[in-house]
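S.K.:
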Amino acid sequence: MTDHLHPDCPDTARLGPNREESLLRARAARVEHDNGTRDRLWSGGFTRRRVLAGAGMAGVAALGAQLVTTRVSFGAPGPGALVVVFLRGGMDGLSVLVPADDPVLRAARPRTAVSGSLPLARGFGLHPALEPLKKHWDAGRFTAVPALSTPDVSRSHFQAQDVLERGGAASSGWLDRVLAEMGPGTTFRAVGEASTLPRSLVGTSGAVALRGIDGFRLAGWEGAHERTTAALTTLYTGLDHPLAAQAATTLGALRTAGTIATTAYQSAAQYPDGAFGKSLADVARLIKSGAGLRVACVDLGGWDMHTDLATDMTRNLTELGKTLDAFATDLGPALDTTTLLTMTEFGRRIAENGSAGTDHGHGSVALLLGGGLRPRTIAGAWDGLAENVQDHGDVPGSNDHRDLLGELVTRRLGLTEANLAKVFPGHDYRRLGALT
Amino acid sequence: MDGSPDDEPGGQGQGAGSRRKLLAALIGGGLGAAACVPVIGSGLFAPDDEEPQPPRSRADGTPRKAATTPADGGTYLDRDDSYTAGAGGQAGSATPDPAELFSGPAAAAAATEVTVSTILDTSAPELHLLRRFTFGPNPRTVAEVRQVGIDRWLAAQLAPDTVPDAEGDAAWRVFPLAAMSPAQVRGAVREYGWDAMLAHAQATLARQLWSRRQVHEVVVDFWANHLNVTLPSDGAWDVGPSYHNTVIRAHALGSFRAMLTAAMRHPAMLRYLSNDESRRESVNENLGRELLELHTVGVGAGYTEDDVRNSAFLLTGRTTTKEGEFKYDPKWHWTGPVTVLGFGDANASGPGGLALGDRYLAYLATHPATARQIARKLAVRFVADDPPKALVDRLAAVYLESDTEIVPVLKALLSSREFWASVGQKTRRPLENVVASARALDVRPGSDTAKSVADLYWSLDEVGQRPLGWAPPNGYPDVAGAWASAGSMLQVWNRHRGLVQGWWKGLTYTKPEDLVPTKGSAASYVDALCERLLLQRMSPAHRQALVAFFDGATAAQAAPHLVPVVLDSPYFALR
């Protein structure tokens, strides 16, 4: 492996917490060394003022862009990936991970309480529309965590999403800081399946937003592409502006995407129609292609169910359950080294409202799918729904989101607790026990 | 400037302290590990096999406020502010002597020396004006401003009825559903059909492309995002066009109080945020909350969950008829004492609830926190992502002095040194970039304008910004950090190719080789092309990159592939 080491760095072990991670970092460091000249050009002309000014955090991405390479090593299994699905709108956790026998819930929701849930553990049942995930629970590859929040997080969608996705006081996203702690990686090590980056990936680490790897290519006559990218490289090189980093990432990702797109690929599962299925199919492809994907973000909206909760929930969960099941099937053995997490900005009020819906609440539920889970276990504190437990009529935030996220990035991405202190500054990390 | 002590003055150089801080941040963040830094040493990673602690609650039972930020969540004024994080842009360094007030925009422009570092031409204030207050300049609009002068051009644009707009009107007429009342839409479209909503959104794109009332279009876009009702969205199928016509377009250059009052009586807003279902016995908080958080005082105003609840009480009874008309139902109105921030009332009767609600809206519209929110958003739109606080304070004062009238606030902004000093400090969002490209290329209506504009509209989905298409009620982000993504940049570049090469059949395109004469040297052709599309030349090194692009081809052969690269360039990406 010596040819994969950076010349200054003979000791592979020191590069990472485990062998796979060390090798990946060593490989990235070598490519980085190869590309040193180009990268020095790209970052030329940067001053601290411009880095921090105007376009904000995106500016520092110019420096982050030095840390990604365009090299793809097909066939090499990645050391593991974290897929974060953000369910926008505030999913009603009590309809998903149902405290089935709780008398408070029955009384507070005469029209909307879920019946016929599939028994899991600790008195919780799974919404029947998530039946496709039950076999994964039985196999120890699916679970859920109740009563999640961050202290004092508001009932505003936008502020709650913002706070969770930034994960602290910084203006960068929490996953961006995770990537920073991981050190260098490949162009497609972090992907947001969207037209624009999710808040959690905004920052310095050069994550790529795309809607399908196949669509990530330059349009028009191919005969002009090489001249085009050469001209654009010059036009953005040395530019004293955050756009320079964005262009560098774009041009680098174009090269990698071209390599991936020309490799024959067939999805191993049938996903439900729709953008969400397409996005997860694409994430599975990136994981299986060996492009070095470590972090992916996918959004699924439509959870703000102020009216007719029962109907909308069944419809949404049906799509969610089938899509996650397809993703698990598609990944095959790679599911063991992948963990998918759903998060949402808040849960809903315990009591239903006058429109057979529920208004904004507090504690929410996260779903976990993939390898490394404690089998058939619901982790985290749960004290029921009695009045002295409630937070202003809501499920309380008994479990801190950051404890779950911290556990995931330590177990799945190989970060240490020392790294966590930088990802969630000021947070006193306590392992939840959702993973082994 | 309210930045940290080692913010550098005037953008000159970089202090050693600043460099140290940056390096510390980067290395501390682990980025320095690119080669071989034992930040992530194996000693720090110990196998963690012990059983986790038994689950215990982290909730402490402390009451929460409605929209306060968690103590460790950072303090930001709004979503856009969280991206810029008090970065103190270059524009902030141009803060003038507060006593220095100008008689008008032209005087402020003339008195302002642009010192920011930018690749854009800083010598021509009319270019700056057009880049900020239109959907994109071209040689014709530059000539118009130069002919009448900045002040007269703006005076006309701020009174849009005085600007003849045959082009905009013609484009509008291509989409007859776009201007219809709810009753007309119901007569023309099957129930819950999207046709009218899409027609309105596409007609909006057409006006952005071709209307001569460009300042109006830009300001309409601002308010449509501020009081967002997404098109298409389920409840807007019949009432969406009416909302955007009678609330946003009608009041965009009027008073905010009137616009807010109209919005909160419009079926589209009432349905969009569930108020049509909010009744005394089953109050829905959706609109009452967003009214405070997004439309008026903002999250930082210090209101509580009780205020949100009372805000929702005040709006109960505002609903719609089955036919999509506004209806106030006094029987649905929640009665009893209400207080929100400094507003209070006995709220004793159902019939009195509508007028009371309007008084509440007037209270909110004229609240100093609302003035700051709107002043800041306007400054973010027109000046810089992190605008100078002194400017925001002055604009907020003008807003309150002028009883929420919008034009005086815009005039104050345009008469500020901060505005004229901020050349190149904004980045075009994807929609702005694509529309500006079409305007620069002089793409015109053609044989099938409706279909081709519709195709272009759907194509904007891939860049992440269709007009009126932002689904949540807070409107599209307005800072570059929110849009920084490789995917969006690539898709914008691809739309440049489409507009140059005429992908959307039914429009009238200028052939790329006909934009400027192709005779002469490659270098002179590149200069002419840049002057035509960018309204300035590129630096010698950049010109050379475009000359190299020819690679033996003639200008006419190279043009279809070279012209898009000019639009891809940073000169076009900034505004």
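Residue numbers (our numbering), protein chains in the order written: chain W, 307 to 742; chain A, 6 to 580. The beta carbon of each residue, even a glycine, is placed where N, CA and C say it ideally should be.
1) What residue range does the beta strand (DSSP E) around LEU516/W cover?
2) What are the boundary residues of the beta strand (DSSP E) that VAL345/A is part of?
3) Just mark SER128/A as buried or exposed, buried being the case when its beta carbon has 16 or more other beta carbons within 10 Å.
4) How would you label ALA368/A, buried or exposed, when you count the other beta carbons within 10 angstroms and need 16 or more for buried?
5) Any C-beta of chain W sitting closer than 9 Å to the C-beta of MET274/A?
6) If you count every other CB in all the chains shown that lies within 10 Å of the CB of GLU118/A, and 16 or more means buried, which is it?
7) Which residues in chain W have a C-beta closer than 9 Å to the C-beta of ASP200/A? List them in chain order.
8) Counting only C-beta atoms, is GLY507/A closer than 9 Å to chain W at any point?
9) Between THR624/W and the rest of its own chain, which residues show a CB-CB distance below 7 Å, the 5 nearest in sequence each way excluded?
10) Any beta carbon of chain W sitting closer than 9 Å to that of LEU534/A?
11) Check the DSSP bridge columns for CYS603/W and list the partner residues they point to.
12) Step through the CB atoms of chain W and report whether any lies within less than 9 Å of the CB of MET494/A.
13) Nearest chain W C-beta to GLY469/A closer than 9 Å, yes or no?
14) Examine chain A for any beta-carbon lying closer than 9 Å to the beta-carbon of GLY399/W, and answer yes or no.
15) My output table needs one value for GLY259/W: the three-state DSSP class, helix, strand or coil.
16) Count the other CB atoms, across all protein chains shown, that sit within 10 Å of the CB of SER98/A; report buried if there are 16 or more and exposed otherwise.
17) Which residues share a DSSP beta bridge with PHE448/W?
18) When DSSP labels each residue in this structure, what does ASP350/A get in the three-state scheme?
19) Determine which residues share a DSSP beta bridge with PHE555/A and list them.
20) Helix, strand or coil: which one does DSSP assign to MET202/A?
21) Once DSSP output is grouped into helix, strand and coil, what is the label at ASN479/A?
22) By the DSSP assignment, the alpha helix (DSSP H) with MET649/W in it spans what residues?
23) What is the DSSP secondary structure of HIS547/A, reduced to helix, strand or coil?
24) Find the nearest neighbour of ARG591/W within the set PHE633/W, GLN552/W, LEU454/W and ALA427/W, judged by alpha-carbon distance.
25) Does VAL601/W have its Cβ less than 9 Å from a Cβ in chain A?
26) Could you tell me the alpha carbon to alpha carbon distance between GLN572/W and ARG718/W, rounded to whole angstroms?
27) If I measure Cβ to Cβ from ASP156/A and keep anything under 7 Å in the same chain, skipping five residues before and after, which residues do I get?
28) Please report the distance separating the alpha-carbon of GLY475/A from that of THR235/A.
29) ALA453/W and ALA687/W look like a contact to me (Cβ under 8 Å); what is the Cβ gap, rounded to whole Å?
30) Is it the case that the Cβ atoms of VAL521/A and GLU536/A are separated by a distance below 9 Å?
31) Rounding to the nearest angstrom, what Cα-Cα distance links GLU723/W and THR716/W in this structure?
32) Under 7 Å between beta-carbons, which chain C residues line up against ALA550/A? List them in chain order, please.
33) Name the one or two DSSP bridge partners that GLU625/W has.
34) Between ALA387/W, GLY663/W, HIS733/W and LEU503/W, which lies nearest to GLU414/W when the distance is taken from Cα to Cα?
35) Which same chain residues end up closer than 7 Å to GLU713/W when comparing Cβ atoms and leaving out the 5 residues on each side of it in sequence?
36) Report yes or no: do the region 434-442 of chain A and the region 126-143 of chain A share at least 3 C-beta pairs separated by less than 8 Å?
M.R.: With the given structure in hand:
1) Residue mapping note: residue 516/W aligns to position 210 of the first sequence, counting from 1. Boundaries of the beta strand (DSSP E) harbouring LEU516/W: 514-516, taken from the DSSP string.
2) Taking the first residue of the second sequence as position 1, residue 345/A is located at position 340. 343-345 is the span of the beta strand (DSSP E), which, as asked, contains VAL345/A.
3) Counting from one through the second sequence, the residue named residue 128/A turns up at place 123. It counts as exposed.
4) As a working mapping, residue 368/A is identified with position 363 in the second sequence. Here residue 368/A is Tyr; the residue named in the question, Ala, does not match the sequence. Residue environment for TYR368/A: buried (at least 16 other C-beta atoms within 10 angstroms of its C-beta).
5) Locating residue 274/A in the second sequence gives position 269, where the first residue counts as 1. MET274/A has a beta carbon lying at 9 Å or more from every beta carbon in chain W.
6) Numbered from 1 along the second sequence, position 113 holds the residue referred to as residue 118/A. GLU118/A comes out exposed.
7) For the purposes of this step, residue 200/A is taken as the residue at position 195 of the second sequence. Here the premise fails: no neighbours, minimum Cβ distance about 22 Å.
8) The residue labelled residue 507/A in the question sits at position 502 within the second sequence. Interface flag for GLY507/A against chain W is unset, since no Cβ pair is found closer than 9 Å.
9) Taking the first residue of the first sequence as position 1, residue 624/W is located at position 318. ALA435, listed in sequence order.
10) The count along the second sequence starts at 1 and reaches residue 534/A at position 529. No, its Cβ sits nowhere closer than 9 Å to a Cβ of chain W.
11) Indexing the first sequence from 1 puts residue 603/W at position 297. The partner list for CYS603/W (beta bridge, DSSP) reads VAL390/W and GLY498/W.
12) Within the second sequence, numbered from 1, the residue matching residue 494/A stands at position 489. MET494/A counts as touching chain W.
13) The residue given as residue 469/A occupies position 464 in the second sequence. Judged by the 9 Å Cβ criterion, GLY469/A is in contact with chain W.
14) In the first sequence, residue 399/W corresponds to position 93, counting from 1. Taking CB atoms only, GLY399/W has no neighbour in chain A less than 9 Å away.
15) There is simply no residue 259/W to check, as chain W begins at 307 and stops at 742 in what is shown.
16) By one-based count along the second sequence, residue 98/A stands at place 93. Unreliable positioning characterises SER98/A in this predicted model, as indicated by a pLDDT of 46, which lies under 50. A coordinate reading is not provided.
17) Against the first sequence, residue 448/W aligns to sequence position 142. DSSP lists LEU675/W as the beta-bridge partner residues of PHE448/W.
18) For the purposes of this step, residue 350/A is identified with residue 345 of the second sequence, where counting begins at 1. It is a strand residue.
19) On the second sequence, position 550 is the one that residue 555/A refers to. Residue pairing of PHE555/A in beta bridges, as defined by DSSP: absent, with no partner found.
20) Numbered from 1 along the second sequence, position 197 holds the residue referred to as residue 202/A. Under the three-state reduction of DSSP, MET202/A is assigned to helix.
21) Position 474 of the second sequence, counted from the start, is the residue given in the question as residue 479/A. DSSP places ASN479/A in coil when its eight states are reduced to three.
22) By 1-based counting over the first sequence, the position of residue 649/W is 343. Here MET649/W belongs to no alpha helix (DSSP H); instead the beta strand (DSSP E) covers 644-650.
23) Indexing the second sequence from 1 puts residue 547/A at position 542. Looking at HIS547/A - three-state DSSP - the assignment turns out to be helix.
24) The residue given as residue 591/W occupies position 285 in the first sequence. ARG591/W has its Cα closest to that of PHE633/W, out of PHE633/W, GLN552/W, LEU454/W and ALA427/W.
25) Reading the first sequence from its first residue, position 295 is the one you call residue 601/W. By this cut-off, VAL601/W is not an interface position.
26) Locating residue 572/W in the first sequence gives position 266, where the first residue counts as 1. Locating residue 718/W in the first sequence gives position 412, where the first residue counts as 1. In a straight line, the C-alpha of GLN572/W is about 26 Å away from that of ARG718/W.
27) Locating residue 156/A in the second sequence gives position 151, counting from the first residue. Around ASP156/A: GLY109, PRO110 and ALA111.
28) Position 470 of the second sequence holds residue 475/A. Position 230 of the second sequence holds residue 235/A. The identity of residue 475/A in the sequence shown is Trp, whereas the question assumes Gly. Cα-Cα distance, rounded: 6 Å.
29) If you number the first sequence from 1, residue 453/W lands on position 147. If you number the first sequence from 1, residue 687/W lands on position 381. Contact holds; Cβ gap of about 6 Å.
30) The sequence position of residue 521/A within the second sequence is 516, counting from 1. The sequence position of residue 536/A within the second sequence is 531, counting from 1. In this structure, GLU536/A lies closer than 9 Å to VAL521/A by Cβ.
31) Here residue 723/W refers to the residue found at position 417 when the first sequence is read from its first residue. Here residue 716/W refers to the residue found at position 410 when the first sequence is read from its first residue. Looking at the two C-alpha atoms, the distance is approximately 7 Å.
32) Structure shown: chain C not included; protein chains present are W and A.
33) Locating residue 625/W in the first sequence gives position 319, counting from the first residue. None; GLU625/W has no bridge partner.
34) Here residue 414/W refers to the residue found at position 108 of the first sequence. Before going on, a small fix: residue 414/W reads as Ala here, not Glu. With distances taken between CA atoms, ALA414/W lies nearest to GLY663/W out of ALA387/W, GLY663/W, HIS733/W and LEU503/W.
35) If you number the first sequence from 1, residue 713/W lands on position 407. For GLU713/W, where only same-chain residues beyond five positions count, the Cβ hits under 7 Å are ARG737, LEU738, ALA740 and LEU741.
36) Counting Cβ pairs under 8 Å, three or more are found: they touch.
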